[in-house]
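A.B. asks: Structure below; questions to follow.
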Amino acid sequence: MSAVRINVGGAMEDEALRRVVDAESRAERGESFHQRHLTIESWDAPALHPALNLTGKRMKLLRSARRHKVRGLGAFSFLLLIAVFSLLAACGGGSTSPPTLSSVLTETQTSAHYIYHYTPGDNVNPIYQEAFYNWDSAQLSVNLEEKIQYYKFTDVNQKQQLSGVGGNAHADTSTNSVFTIWPSDNHETTHLLTATIGMPTPFINEGIAVANQTDPLDKIYTPNWNGNSPHYWAKQYLQAGQLPALSSLLDESAFEAFDPNMSYPIAGSFIRYLIDTYGMAAVLKLFPGASYSDSPSTTMSRFQEVFGKSFTGAGQDWHAFLMQYKGL
Ligand SMILES: [Zn+2]
Numbered sequence: 026m027s028a029v030r031i032n033v034g035g036a037m038e039d040e041a042l043r044r045v046v047d048a049e050s051r052a053e054r055g056e057s058f059h060q061r062h063l064t065i066e067s068w069d070a071p072a073l074h075p076a077l078n079l080t081g082k083r084m085k086l087l088r089s090a091r092r093h094k095v096r097g098l099g100a101f102s103f104l105l106l107i108a109v110f111s112l113l114a115a116c117g118g119g120s121t122s123p124p125t126l127s128s129v130l131t132e133t134q135t136s137a138h139y140i141y142h143y144t145p146g147d148n149v150n151p152i153y154q155e156a157f158y159n160w161d162s163a164q165l166s167v168n169l170e171e172k173i174q175y176y177k178f179t180d181v182n183q184k185q186q187l188s189g190v191g192g193n194a195h196a197d198t199s200t201n202s203v204f205t206i207w208p209s210d211n212h213e214t215t216h217l218l219t220a221t222i223g224m225p226t227p228f229i230n231e232g233i234a235v236a237n238q239t240d241p242l243d244k245i246y247t248p249n250w251n252g253n254s255p256h257y258w259a260k261q262y263l264q265a266g267q268l269p270a271l272s273s274l275l276d277e278s279a280f281e282a283f284d285p286n287m288s289y290p291i292a293g294s295f296i297r298y299l300i301d302t303y304g305m306a307a308v309l310k311l312f313p314g315a316s317y318s319d320s321p322s323t324t325m326s327r328f329q330e331v332f333g334k335s336f337t338g339a340g341q342d343w344h345a346f347l348m349q350y351k352g353l
């Protein structure tokens, strides 16, 4: 069975946290997911590390917040906030305010399209960000009216504590913000730009963000995923007989149940293939009116309309492309 193990700092005499989370997860026991550990740092109490096993939907919510945009406060985050506040109150910690973004990320810097917030002694890379923004906005034919708020954290723990969301990076379209542990972040910028056109199923939404993980500052336009191109990774999976049928990635929940080190580069490779074969303008037609929760059949019929080709057929063409791909 599943399991996200959450280590919550602070006293656990307060059964509220256990009850709240257990009540929510009880109904969904039995689903199988990879195990992950999420540590929520204590603000002012010694950590006791009680473990709460979460499954099913909790796992998906946590995972979906890992790399990409957060569409408002998820049910789990909301419950967790309630739980944390009741925990603080119960152990007498209520009088100490938790640190906030503005009280910790006190350094600011501004460039043409960003306002950066970071910890004194930490750093950001406005030169890269501007080069990337200019390239990406031209690629996507989109411009943001307001500057992006770029919150740079020293590490995942600081990000978790101050933004309330774990993982290396995420974007919030409602506040035009990027939250990241990286001094430069291309992926989340793409999410903010494409969100102005539409937000299709994550296979496409994440796919385009990975497909555009380039380095225009150094004139490197091959996207990079963990040191290699998404095509390289997809080809490895294909040759190993591990490449899932693309149609199995079109459902939102199914996509998020995959190991992101498979689903993301696979999606990125396929979308990059479409961009290079049919053009960005065609790919962007998948966005307007689309929704994160579109059914696979909805996405497939839209695909057929846009490309004049079936999704399955395009997948076969992509396989053939990968087999002759020689790049790293
Ligand atoms: Zn993403």
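All the letters of the sequence shown, read from the start, carry residue numbers 26 to 353 under this note's numbering. Beta carbons: idealized from backbone N, C-alpha and C, even for Gly.
#1: Determine whether the beta carbon atoms of A22 and S288 lie at a separation below 8 angstroms.
#2: If we call anything under 8 angstroms between Cβ atoms a contact, is V167 one with L218?
#3: Who are the Cβ neighbours of I296 in its own chain at under 8 angstroms, not counting the five residues just before and after it?
#4: Any Cβ of chain B within less than 8 angstroms of the Cβ of A163?
#5: How far does the alpha helix (DSSP H) with V181 in it reach, from first residue to last?
#6: Using DSSP's beta-bridge definition, name the partner residues of F204.
#7: In angstroms, rounded to a whole number, what distance separates the CA positions of L275 and D301?
#8: Using 8 angstroms as the cut-off, can you tell me whether the segment 145-164 makes contact with the segment 185-197, which would need three or more C-beta pairs spanning the two stretches below that distance?
#9: Rounded to whole angstroms, what's the CA-CA distance from Q349 to F204? Just pull it up for me.
#10: Over the uninterrupted beta strand (DSSP E) stretch that includes T135, give me the two end residues.
#11: For H138, is the beta carbon positioned less than 7 angstroms from some heavy atom of ligand 1?
#12: Considering only the alpha carbon of each residue, which of A137, S136, S127 lies closest to P145?
#13: Round the Cβ separation of L271 and F336 to the nearest angstrom and send it over; I've been treating them as touching at under 8 angstroms.
#14: Is A236 near ligand 1, judged by its Cβ being under 7 angstroms from some heavy atom?
#15: Is E170 near ligand 1 - that is, is its Cβ less than 7 angstroms away from at least one heavy atom of it?
#16: Per the DSSP calculation, H142 is bridged to which residue(s)?
#17: Kindly examine ligand 1 and report whether one of its heavy atoms sits closer than 7 angstroms to the Cβ of E277.
#18: Below 8 angstroms between beta carbons: does that hold for I140 and Q174?
#19: Return yes when at least one heavy atom of ligand 1 lies under 7 angstroms from the C-beta of E281, else no.
#20: Of all the alpha helix (DSSP H) runs that stay within the bounds of the segment 219-278, which reach a length of 4 or more residues?
#21: Please work out which residues of its chain come closer than 7 angstroms, Cβ to Cβ, to S254, disregarding the five sequence neighbours upstream and downstream, and give them in chain order.
#22: Quick check: Q134 and P151, are their CB atoms within less than 8 angstroms of each other?
#23: From D161 to L347, what does the alpha carbon distance come to, in whole angstroms?
#24: Is the beta carbon of E231 within less than 7 angstroms of some heavy atom of ligand 1?
#25: Quick check on Q341: buried or exposed, where buried means 16 or more other Cβ atoms within 10 Å of its Cβ?
#26: Where do the ends of the alpha helix (DSSP H) carrying D147 lie?
#27: With a threshold of 7 angstroms, establish whether the CB of H256 neighbours any heavy atom of ligand 1.
#28: Our contact map puts A194 next to I206 with C-beta atoms below 8 angstroms; I'd like the distance itself, whole angstroms only.
#29: Could you check which residue in T324, L169, H344, D319 has the C-alpha nearest to that of T200?
#30: Tell me which residue opens and which closes the alpha helix (DSSP H) that A315 is part of.
#31: According to DSSP, simplified to helix, strand and coil, what is Y350?
#32: Taking just the CA atoms, how far does H216 sit from I245?
#33: From the DSSP output, in three-state form, read off L77 for me.
#34: If contacts are defined as beta-carbon pairs under 8 angstroms, then D319 and T226 qualify, I think. What distance do you get, rounded to the angstrom?
C.D. replies: Inspection of the coordinates gives the following:
#1: Here the chain comprises residues numbered 26 to 353, so residue 22 is not present and cannot be evaluated.
#2: Counting from one through the sequence shown, the residue named residue 167 turns up at place 142. Counting from one through the sequence shown, the residue named residue 218 turns up at place 193. Yes, they are a contact pair.
#3: Taking the first residue of the sequence shown as position 1, residue 296 is located at position 271. I229, G232, I233, V235, A236, V308, listed in sequence order.
#4: This model lacks chain B altogether; it includes just one protein chain.
#5: Within the sequence shown, the letter at position 156 stands for residue 181. Note, V181: alpha helix (DSSP H), 181-188.
#6: Translated into the one-based positions of the sequence shown, residue 204 becomes position 179. Y176, H195.
#7: Numbered from 1 along the sequence shown, position 250 holds the residue referred to as residue 275. Numbered from 1 along the sequence shown, position 276 holds the residue referred to as residue 301. Taking the straight line from one Cα to the other gives about 21 angstroms.
#8: no
#9: Position 324 of the sequence shown, counted from the first residue, corresponds to residue 349. Position 179 of the sequence shown, counted from the first residue, corresponds to residue 204. Near 38 angstroms, if we compare the C-alpha coordinates of F204 and Q349.
#10: Translated into positions along the sequence shown, residue 135 becomes position 110. Per DSSP, T135 belongs to the beta strand (DSSP E) from 132-135.
#11: Within the sequence shown, numbered from 1, the residue matching residue 138 stands at position 113. No; taking the cut-off as 7 angstroms, the Cβ of H138 has no heavy atom of ligand 1 nearer than that.
#12: Translated into positions along the sequence shown, residue 145 becomes position 120. Residue S127 is the option with its Cα nearest to P145.
#13: As a working note, residue 271 is residue 246 in the sequence shown. As a working note, residue 336 is residue 311 in the sequence shown. Correct: roughly 7 angstroms between the Cβ atoms.
#14: Residue numbering aside, residue 236 sits at position 211 when the sequence shown is read from its first letter. No, the beta carbon of A236 sits no closer than 7 angstroms to any heavy atom of ligand 1.
#15: In the sequence shown, the residue the question calls residue 170 occupies position 145. It does not: the Cβ of E170 is nowhere closer than 7 angstroms to a heavy atom of ligand 1.
#16: Position 117 of the sequence shown holds residue 142. According to DSSP, H142 bridges with T133, Y176.
#17: Taking the sequence shown and counting its residues from 1, the one referred to as residue 277 is at position 252. Outside the cutoff, so no.
#18: In the sequence shown, counting from the first residue as 1, residue 140 sits at position 115. In the sequence shown, counting from the first residue as 1, residue 174 sits at position 149. It is a contact, given that the beta carbons lie within the stated cut-off.
#19: Numbered from its first residue, the sequence shown carries residue 281 at position 256. Answer for E281: no, Cβ out of range of ligand 1.
#20: 227-236, 255-264
#21: Residue mapping note: residue 254 aligns to position 229 of the sequence shown, counting from 1. Cβ neighbours of S254 beyond the five flanking positions: T247, P248, G352, L353.
#22: Numbered from 1 along the sequence shown, position 109 holds the residue referred to as residue 134. Numbered from 1 along the sequence shown, position 126 holds the residue referred to as residue 151. Yes, the Cβ-Cβ distance between Q134 and P151 is below 8 angstroms.
#23: Position 136 of the sequence shown holds residue 161. Position 322 of the sequence shown holds residue 347. D161 and L347: Cα-Cα distance of roughly 25 angstroms.
#24: As a working note, residue 231 is residue 206 in the sequence shown. Checking every heavy atom of ligand 1 against the Cβ of E231, one is found closer than 7 angstroms.
#25: As a position in the sequence shown, residue 341 is number 316, starting the count at 1. By the 10 Å Cβ count, Q341 comes out exposed.
#26: Here residue 147 is taken as the residue at index 122 of the sequence shown, counted from 1. Counting along the chain, D147 falls outside any alpha helix (DSSP H), and DSSP gives it neither H nor E.
#27: Numbered from 1 along the sequence shown, position 231 holds the residue referred to as residue 256. No, since every heavy atom of ligand 1 falls outside the 7 angstroms radius drawn around the Cβ of H256.
#28: By one-based count along the sequence shown, residue 194 stands at place 169. By one-based count along the sequence shown, residue 206 stands at place 181. Indeed they touch by this definition, with Cβ atoms about 7 angstroms apart.
#29: Walking along the sequence shown from the start, residue 200 turns up at place 175. Nearest of T324, L169, H344, D319 to T200, Cα basis: L169.
#30: For the purposes of this step, residue 315 is taken as the residue at position 290 of the sequence shown. Here A315 belongs to no alpha helix (DSSP H), and DSSP marks it neither H nor E.
#31: As a position in the sequence shown, residue 350 is number 325, starting the count at 1. Three-state result, Y350: coil.
#32: Residue numbering aside, residue 245 sits at position 220 when the sequence shown is read from its first letter. Residue numbering aside, residue 216 sits at position 191 when the sequence shown is read from its first letter. So the alpha carbons of these two residues sit roughly 20 angstroms apart.
#33: Position 52 of the sequence shown, counted from the start, is the residue given in the question as residue 77. With a pLDDT of only 28 at L77, under the threshold of 50, the placement of this residue in the model should not be trusted, and no figure is reported.
#34: What you label residue 319 is simply residue 294 of the sequence shown in a count that begins at 1. What you label residue 226 is simply residue 201 of the sequence shown in a count that begins at 1. At roughly 5 angstroms, the Cβ-Cβ gap stays under 8 angstroms, so D319 and T226 are in contact.
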